[in-house]
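Using full-length UniProt numbering, the first residue of the sequence shown is number 1, and each one after it goes up by one. Even for Gly, the Cβ is constructed at its ideal location relative to N, Cα and C. Quantities reported herein were computed from a predicted structural model and do not represent experimental measurements.
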Amino acid sequence: MLNSRKGFTLVEMIVVMAVFVVVIMITADSFKTILTQMTKITKSEESNIEGVVGLEMFRHDLQQAGYGLPFSYLSPISCIEAGYAPASNYNDCTGSTTSGVPRAVVAGDNLGAVAGATGDEATNIVFGTDYLALKGSTLGMNETAKRWTYMPYSSATTGKLKPRIWQTGNLIDGPSADASRVIVLKKTYTSSGYSNQMITSSDPSIYWARYYADGFADPVFNPTLKEEVYYLYGIKADDPLGMPFNRTDYFVARPTTAGKIPSFCHANTGILYKGAVVHANSAAYAKLTYIPLLDCVADMQVIFGWDLDDGQGNEGQDGVIDTYSTPIGTGGAITVQSSATPSASAMQTRVTDALGNPEKLRNSLKVVKVYLLAQVGRRDANYQSPSSSIVLGDAATDGITKTYTFTSDMRNYRWKIYRLVVRPKNLMSNQ
1 MLNSRKGFTL VEMIVVMAVF VVVIMITADS FKTILTQMTK ITKSEESNIE
51 GVVGLEMFRH DLQQAGYGLP FSYLSPISCI EAGYAPASNY NDCTGSTTSG
101 VPRAVVAGDN LGAVAGATGD EATNIVFGTD YLALKGSTLG MNETAKRWTY
151 MPYSSATTGK LKPRIWQTGN LIDGPSADAS RVIVLKKTYT SSGYSNQMIT
201 SSDPSIYWAR YYADGFADPV FNPTLKEEVY YLYGIKADDP LGMPFNRTDY
251 FVARPTTAGK IPSFCHANTG ILYKGAVVHA NSAAYAKLTY IPLLDCVADM
301 QVIFGWDLDD GQGNEGQDGV IDTYSTPIGT GGAITVQSSA TPSASAMQTR
351 VTDALGNPEK LRNSLKVVKV YLLAQVGRRD ANYQSPSSSI VLGDAATDGI
401 TKTYTFTSDM RNYRWKIYRL VVRPKNLMSN Q
């Protein structure tokens, strides 16, 4: 019996190797495609997670705007807000003695590509984006700003009046019993609502009080009538106190320092920042602390919804949003869309007045809408946006929109519009 020792021929080996190489190439190409798609999906999900976390902070501050703000002062005060433009354009405190009270919401429309407010970052505002400043006691980044209490009248003729206490019995953040600074508001209730008058000392630069668990050293901060109750709102933990509230600004800016923004962000985008105005005793030091919330943002547009007319010319009476507007832009420019009966020019005047008047603003501003256009993932050379532009806003409800036109290279990116619709809970129009 013969045993065959014949093996594979060279041709057979070449054919098998060729088939094997082809299979490997197909598999590798498929793996590369899967890996590329997974990278895109991962980057997209990263952007989505960033958006959810950052925009929830934004939403929270919008809802808190106006909390603990005084409606009037017992006497004029001297206070300082932001010391540098563009943030200083939205100040209500002038640095000198003033009786001007803070507006809960202040905004600017379609800013130019100006340098950002001096702070922890050197930035340039992204051209054509809006600017939004929010004010309220709870907008501070410290534990004191999250607390409040009240002090009822007492007939005691000796000793200090003690405020109601909570938690550990005091308001302090710091190591000493007088570490916290509070403002004291006298609430007066009437059939039409209530008023917050801020109690002040005789010195216009000292409109705050040091909180002590056993009461205030200065009796001016104590109720003097049986029907009075004073409310205490924490502002910050230590000196200095520049203003009787806290303030956070929201804007889109591009850092001028390399490496401060992800390299994959398009050159026409910036970072959505939360800028906390730092309390200071001099405008030269009233800067912003920058907190980045969302990368690769191309535009931010703000729309206000107002209850300005109930058919008889009264503001904030019927609870119906009858007017939408942009913030005030350069030279007082403003866009208004209204279902109210007055003429368009008359409604423009009323909106402009409301944006500049703290009382009218809190009585008639119903809703704040924010539209953010953000890049999703990296540039994809194999993708082109089906449209050369995208619309920010809701034509059906707001009646006010902005068309953002992409440059040719921006069409190789995917884009997403984030939309916030918030009714600030601490404005009279929503109570």
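Since residue i contacts residue j with CB under 8 Å, what's their CB separation in whole angstroms?
i      : j      : result
Leu373 : Val297 : 7 Å
Ile303 : Tyr324 : 6 Å
Thr144 : Ala237 : 5 Å
Met198 : Pro70  : 4 Å
Lys186 : Glu227 : With a Cβ gap of about 11 Å, Lys186 and Glu227 do not count as contacting.
Leu232 : Tyr150 : 7 Å
Leu139 : Asp61  : 6 Å
Val126 : Gly270 : 4 Å
Gln384 : Arg411 : 5 Å
For residue i, collect the residues of the same chain with a Cβ closer than 7 Å to its Cβ; drop the 5 residues on either side in sequence, then sort them by chain order.
i      : result
Tyr418 : Gly51, Leu55, Leu372 and Ala374
Tyr404 : Ala298, Asp299, Leu373, Ser389, Ile390 and Leu392
Asn363 : Glu315, Gly316, Met428 and Ser429
Ile14  : none
Gln348 : Ile334 and Val336
Pro219 : none
Val320 : Asp307
Asp173 : Confidence in Asp173 is poor, its pLDDT being 42 and thus under 50, which makes the residue's placement unreliable; the coordinate value appears in the next sentence. Excluding residues within five positions, the ones whose Cβ falls inside 7 Å are Asn142, Glu143, Thr144, Ala179, Ser180 and Ala237.
Does the separation of the CB atoms of residue i and residue j fall below 7 Å?
i      : j      : result
Tyr194 : Thr200 : no
Gly116 : Ala217 : no
Ile184 : Tyr230 : According to the sequence shown, residue 184 is Val rather than Ile. Yes.
Asp318 : Ala340 : no
Asn426 : Gly66  : yes
Leu294 : Val370 : no
Gly234 : Ser180 : yes
Gln301 : Asp130 : yes
In the DSSP assignment, find the alpha helix (DSSP H) that holds residue i and state where it starts and stops.
i      : result
Asn363 : Pro358 to Ser364
Sorted by chain position, which residues of the same chain lie with C-beta nearer than 8 Å to residue i's C-beta, five sequence neighbours on each side aside?
i           : result
Gly399      : Tyr324 and Gln337
Thr256      : Ala122, Thr123 and Asn124
Gly83       : Thr118, Ala280, Ser282, Ala283, Ala284, Tyr285, Ala286 and Lys287
Pro240      : His279, Ala280 and Asn281
residue 432 : The first residue shown for the chain is 1 and the last is 431, placing residue 432 beyond what the model contains.
Trp166      : Residue placement at Trp166 cannot be trusted, given a pLDDT of 47 that sits under 50; the coordinates are not used to answer.
Tyr73       : Ser99, Val101, Gln197, Met198, Thr200 and Tyr207
Ala267      : none
Thr407      : Asn268
Asp380      : Lys40, Asn412, Tyr413 and Arg414
Thr157      : Note on Thr157: pLDDT 49, under 50, position unreliable in the model; the coordinate value appears next. Excluding sequence neighbours, Thr157 sits near nothing in its chain.
Which residue marks the beginning of the beta strand (DSSP E) containing residue i, and which one marks its end?
i      : result
Val220 : Looking at the DSSP string, Val220 is not in any beta strand (DSSP E), and its letter there is neither H nor E.
Val422 : Arg414 to Val422
Ser282 : Taken as a continuous stretch (DSSP letters only), Ser282 belongs to no beta strand (DSSP E), as it is neither H nor E.
Met151 : Trp148 to Pro152
Phe304 : Leu288 to Trp306
Val391 : Ser389 to Gly393
Val126 : From DSSP, Val126 is part of no beta strand (DSSP E); its letter is neither H nor E.
Phe251 : Asn246 to Pro255
Tyr404 : Thr401 to Thr405
Arg181 : Arg181 to Thr190
Ile271 : Gly270 to Val277
Ser195 : Gly193 to Met198
Ser325 : Thr323 to Ser325
Using a Cβ-Cβ cut-off of 6 Å (strictly less than) and excluding sequence neighbours within five positions of residue i, which residues of its own chain qualify?
i           : result
Val367      : Gly305 and Arg423
Ala395      : Thr401
Ser205      : Ser78
Thr188      : Ser195
Ala18       : none
residue 452 : There is simply no residue 452 to check, as the chain begins at 1 and stops at 431 in what is shown.
The ligand FAD heavy atoms versus the CB of residue i: any closer than 6 Å?
i      : result
Thr224 : Among the components of this structure there are no ligands whatsoever, and the ligand FAD is therefore not found.
For this session: Pair every Cβ in the region 340–360 with every Cβ in the region 267–277, then say whether three or more of these pairs are closer than 8 Å.
Result: no
Problem set entry | Touching by the beta-carbon criterion (3+ pairs, under 8 Å), the region 78–95 and the region 302–313 | no
Exercise. Would you call the region 103–111 and the region 319–335 in contact, with 3 or more CB pairs under 8 Å?
Worked result: yes
Problem set entry | Cβ pair count under 8 Å reaching 3, the region 69–79 against the region 242–256 | yes
For this session: Evaluate the contact criterion for the region 258–269 versus the region 128–136: three or more CB pairs, one atom per stretch, below 8 Å.
Result: no
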